[in-house]
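Novice: In the UniProt record's numbering, the protein residues as written are 1 to 297. C-beta atoms are modelled at their ideal positions from N, C-alpha and C, and glycine is treated no differently.
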Amino acid sequence: MEEIEIIHKPVMLDKVLYYLKVTPGKIYVDATCGLGGHSSAILRELNRTGLLIGIDRDIESLEIAKNRLKNYGDNFLLFNTTYDRIPEVLENLNIAKVDGILFDLGFSSYHIEKSKRGFSFQRPEEPLDMRFSKDDSLTAEYILNNFSEEELAEIFYKYGEEPNAFKIARKIVEIRKVKPLKYVGDLLEVIGKSTQNYKRHPATRIFQALRIAVNKELDILERALEITPNILNPQGRIVVITYHSLEDRIVKNFLKNNRDKFEIITKKPVVPSKEEIENNKRARSAKLRVGERRVES
Numbered sequence: 001m002e003e004i005e006i007i008h009k010p011v012m013l014d015k016v017l018y019y020l021k022v023t024p025g026k027i028y029v030d031a032t033c034g035l036g037g038h039s040s041a042i043l044r045e046l047n048r049t050g051l052l053i054g055i056d057r058d059i060e061s062l063e064i065a066k067n068r069l070k071n072y073g074d075n076f077l078l079f080n081t082t083y084d085r086i087p088e089v090l091e092n093l094n095i096a097k098v099d100g101i102l103f104d105l106g107f108s109s110y111h112i113e114k115s116k117r118g119f120s121f122q123r124p125e126e127p128l129d130m131r132f133s134k135d136d137s138l139t140a141e142y143i144l145n146n147f148s149e150e151e152l153a154e155i156f157y158k159y160g161e162e163p164n165a166f167k168i169a170r171k172i173v174e175i176r177k178v179k180p181l182k183y184v185g186d187l188l189e190v191i192g193k194s195t196q197n198y199k200r201h202p203a204t205r206i207f208q209a210l211r212i213a214v215n216k217e218l219d220i221l222e223r224a225l226e227i228t229p230n231i232l233n234p235q236g237r238i239v240v241i242t243y244h245s246l247e248d249r250i251v252k253n254f255l256k257n258n259r260d261k262f263e264i265i266t267k268k269p270v271v272p273s274k275e276e277i278e279n280n281k282r283a284r285s286a287k288l289r290v291g292e293r294r295v296e297s
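1. Can you tell me where the beta strand (DSSP E) holding V239 begins and where it ends?
2. Does the Cβ of K179 have 16 or more other Cβ atoms within 10 Å, making it buried, or fewer, making it exposed?
3. Hey, could you find the ends of the alpha helix (DSSP H) N67 is sitting in?
4. Considering just the uninterrupted stretch of the alpha helix (DSSP H) at K287, what are its terminal residues?
5. Identify every residue that forms a DSSP beta bridge with D30.
6. What are the boundary residues of the beta strand (DSSP E) that includes N80?
7. According to DSSP, which residues form a beta bridge with P127?
8. Just verifying my parser: in three-state terms, what is the DSSP assignment at V214?
9. Rounded to a whole number of angstroms, what is the C-alpha to C-alpha distance between M12 and K177?
10. For V98, count neighbouring Cβ atoms within 10 angstroms of its own Cβ and tell me buried if that reaches 16, exposed if not.
11. Can you tell me whether Q122 is buried or exposed? The criterion is at least 16 other CB atoms within 10 Å of its CB, across all chains shown.
12. Below 8 Å, can you find three or more Cβ-Cβ pairs linking the stretch 153–163 to the stretch 75–87?
13. Take the Cβ of T242 as the centre, count every other Cβ of all protein chains shown within 10 Å, and call the residue buried at 16 or more, exposed below.
Following this line, the structure appears as structure tokens:
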């Protein structure tokens, strides 16, 4: 537990609390509770009043969060589900609307360091799983060994913006005829044979694309954003932290297309300080956007 505490650093914590406007007695949703980094800070601000609802699709992360949050009060409830199902959670609690929702997208340091599910290309011995929830059936291994060349290329290009998408897909199909891809190292070998002259690790985009495809991240994000106007009190806020251009584009367009429902608080995305990036590498690509629910006339 102690080791996990050390590796988990919530991104832009002070900025999240500032923009979420946490107020004692009100109700907030941490839609991506994870290990409870942001949640614990929100609970501290609530000062044992109001309610925090934490949601995460990874049951292992939630168990860790539960133990951590006990130190800050008992006014929290945790749910193991996807964040596009917030309305169902609220309905079961007889709660109509909340005062703020936080989305911290992407994956946590726990997934890289502890989950043993193949999220990082730096761990060649791990299986090609990449599921946030073990209850889901689709894995990266299944995609790589069963999807067609065209389907693989589309995933790599659409979700990873990989310029060599077709070349890598073709190589995967060629190699899997001889030997199935089961471990991270197997995929790294294929990528290494298909790419060259990359400024960053050539596997970065492919791993991002597979993770997004396995977990249907962008589909769930779009559905979740669409329901937020219906579950936010007037002047309630959504705070969204994204880590790549695909996510950020979805959030930016959602706020822009819903100006009648939301005031855009952040005209430009908020980014971490240089000091935070030095202390937390996960923060380096983070962007934070905020919308405030308008008071309906």
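Specialist: Let me lay it out:
1. L232 to T242
2. exposed
3. I59 to L69
4. First-last for K287: K287 to R293, but that is the beta strand (DSSP E), not the alpha helix (DSSP H).
5. G54 and L102
6. F76 to N80
7. Y183
8. helix
9. 46 Å
10. buried
11. exposed
12. no
13. buried
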